[in-house]
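What follows is a single structure, written as structure tokens, with notes after it.
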Amino acid sequence: VFTKYILSPLTIVYFLIIFTYSLKILISGEWPNGILAKISLIFSFVAILTYLFWTPLIKGRDWRFKSIIWGAILFQSIMLALAIYIRVSEYGFTENRYYIAIFGIWLISMSIYFISVKEASYKWLFVTLTLMLIFSQFGKYGALNYSRESQLERLKEILVLEHNLTQQEQQSVYSIVEHLYSTDRLESLRAVIPDVVERYEDLNITIKDRVYFPKFAVKSLGLNSVESKSRYIKFTTTLPRKILNIRGYTLLVEFSYSRDYNRKIYTKSIRVNFDKNILSVRNGNRLIRVNLGDMVKSLGLYRKDSYVSLPNYRMEYRAKDIKILFYSIGVDTKSGEITDFVAKILF
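Just so you know, we're using the numbering used here here: the sequence shown kicks off at 3 and counts up by one.
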């Protein structure tokens with residue numbers, strides 16, 4: 003009943019809507035920013051789900067049904083491929099664009115397979131998807147490494163231009179440096195702008211804590227300090243903490259977290275983990291769970307600047323059995339989730 007009267011009509015209506023929208027895009031030649039990829043991915047998921055639910059019901063008798071549903075997925079997958087090709091040709095690969103691209107390739111391959119092979123088995127959906135995800139995690143062509151190399155190459159191409167950089171090109175330099183700094187700190191940038199990185203590392207530690215590297219880099223390159231309209235914001239302490247008051251606590255743990263490489267601390271008796279604003283600290287049989295969401299909101303997410311220095315006391319969390327001294331906190335202002343932080347945890 004659910005498949006026949008809810009899921010199938012939903013898939014048909016959704017396809018007609020995005021098919022009309024896709025035709026409008028093809029006719030006008032104006033490609034939207036990101037929305038086409040999102041609706042194509044959602045449709046593909048719903049359509050594949052519909053096919054999987056229908057498979058036990060049709061039992062291979064209705065060849066036309068399979069051809070129609072996978073034909074619709076193929077059409078929308080081609081639109082997805084065109085959309086991501088345009089974005090990549092303009093802005094290079096990021097981790098998100100990498101995954102959208104390989105998922106688009108997977109959708110096109112599966113569509114051709116199910117349309118052309120009469121006895122096609124849906125088990126290959128899961129086998130190929132699993133292999134693709136494993137492939138994306140490692141090596142030269144993994145998501146993180148490939149996107150990093152793409153952005154570095156793009157940065158090199160802009161910096162070697164002989165003419166004075168336009169406002170858009172300067173904006174691109176800032177965006178690339180900010181993206182690479184947020185995912186890889188200074189390591190990858192050292193290969194492209196080594197002098198800038200070296201000057202930044204030579205700064206007095208007090209000054210360095212107040213200076214956001216992407217701004218420093220753009221200024222050092224003689225460009226305007228153009229900030230991207232980012233939904234991300236970074237908070238840092240105004241001054242370094244040279245003396246820590248550890249009275250009342252027995253342990254001090256240095257902990258850093260990034261959404262791209264989730265660091266955990268596991269020892270025989272101590273475990274520290276962070277996931278979706280929840281910090282979990284286990285010492286033997288004692289478990290402390292802290293929701294840092296309210297603290298992050300109190301810092302003020304809706305600011306003009308994407309990099310904010312705050313007094314040290316504003317960058318502290320205190321509860322009955324735990325104290326967290328933050329040095330930096332990165333936040334996604336859209337979701338309110340912490341994307342990265344560096345802190346000392348006392349408990």
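Glycine included, every Cβ here is placed at the ideal spot set by N, Cα and C.
Own chain partners of residue i with C-beta closer than 6 Å, once the 5 adjacent residues on each side are dropped
{"i": "residue 76", "result": "113"}
{"i": "residue 97", "result": "145, 149"}
{"i": "residue 329", "result": "239, 344"}
{"i": "residue 167", "result": "none"}
{"i": "residue 192", "result": "199"}
{"i": "residue 236", "result": "309, 332"}
{"i": "residue 266", "result": "275"}
{"i": "residue 180", "result": "216"}
{"i": "residue 347", "result": "255, 257, 326"}
Closest residue to residue i among the options (Cα-Cα distance)
{"i": "residue 239", "options": "14, 344, 73", "result": "344"}
{"i": "residue 45", "options": "216, 11, 87", "result": "11"}
{"i": "residue 321", "options": "287, 283, 335, 187", "result": "283"}
{"i": "residue 116", "options": "72, 82, 146", "result": "72"}
{"i": "residue 331", "options": "69, 259, 79, 242", "result": "259"}
{"i": "residue 327", "options": "268, 248, 279, 333", "result": "248"}
{"i": "residue 200", "options": "185, 184, 186, 218", "result": "218"}
{"i": "residue 139", "options": "128, 104, 202", "result": "104"}
{"i": "residue 84", "options": "125, 160, 128, 102", "result": "102"}
{"i": "residue 335", "options": "25, 68, 302", "result": "302"}
{"i": "residue 270", "options": "257, 287, 91, 277", "result": "287"}
Simplified DSSP state of residue i, which is helix, strand or coil
{"i": "residue 293", "result": "strand"}
{"i": "residue 128", "result": "helix"}
{"i": "residue 52", "result": "helix"}
{"i": "residue 351", "result": "Since the first and last residues shown for the chain are 3 and 349, residue 351 lies out of range."}
{"i": "residue 222", "result": "helix"}
{"i": "residue 340", "result": "strand"}
{"i": "residue 279", "result": "coil"}
{"i": "residue 247", "result": "coil"}
{"i": "residue 204", "result": "coil"}
{"i": "residue 286", "result": "coil"}
{"i": "residue 346", "result": "strand"}
{"i": "residue 140", "result": "coil"}
{"i": "residue 214", "result": "coil"}
{"i": "residue 133", "result": "helix"}
{"i": "residue 326", "result": "strand"}
{"i": "residue 258", "result": "strand"}
{"i": "residue 10", "result": "helix"}
{"i": "residue 95", "result": "coil"}
{"i": "residue 333", "result": "strand"}
{"i": "residue 192", "result": "helix"}
Residue i CB to nearest heavy atom of the ligand FAD below 7 Å
{"i": "residue 22", "result": "Summarising the ligand content, the structure contains no ligands, and the ligand FAD is consequently not present."}
Nearest-angstrom Cα separation, counted from residue j out to residue i
{"i": "residue 93", "j": "residue 225", "result": "19 Å"}
{"i": "residue 213", "j": "residue 317", "result": "17 Å"}
{"i": "residue 274", "j": "residue 118", "result": "51 Å"}
{"i": "residue 254", "j": "residue 308", "result": "30 Å"}
{"i": "residue 175", "j": "residue 220", "result": "7 Å"}
{"i": "residue 216", "j": "residue 183", "result": "7 Å"}
{"i": "residue 234", "j": "residue 279", "result": "15 Å"}
{"i": "residue 289", "j": "residue 155", "result": "46 Å"}
{"i": "residue 43", "j": "residue 66", "result": "23 Å"}
{"i": "residue 136", "j": "residue 147", "result": "14 Å"}
{"i": "residue 51", "j": "residue 124", "result": "11 Å"}
{"i": "residue 120", "j": "residue 268", "result": "51 Å"}
{"i": "residue 188", "j": "residue 20", "result": "42 Å"}
Beta-carbon proximity list for residue i, same chain, < 8 Å, skipping 5 on both sides
{"i": "residue 48", "result": "9, 12, 13, 16"}
{"i": "residue 108", "result": "130, 131, 134"}
Own chain residues within Cβ distance below 7 Å of residue i, not counting five before or after
{"i": "residue 158", "result": "194"}
{"i": "residue 1", "result": "Any property of residue 1 remains undetermined from this structure, which presents the chain solely from 3 to 349."}
{"i": "residue 89", "result": "99"}
{"i": "residue 190", "result": "150, 154, 182"}
{"i": "residue 349", "result": "251, 253, 283, 285, 290, 323, 324"}
{"i": "residue 178", "result": "153, 156, 157"}
* Determine contact between the segment 335-342 and the segment 281-299, defined as no fewer than three beta-carbon pairs at a distance below 8 Å. => yes
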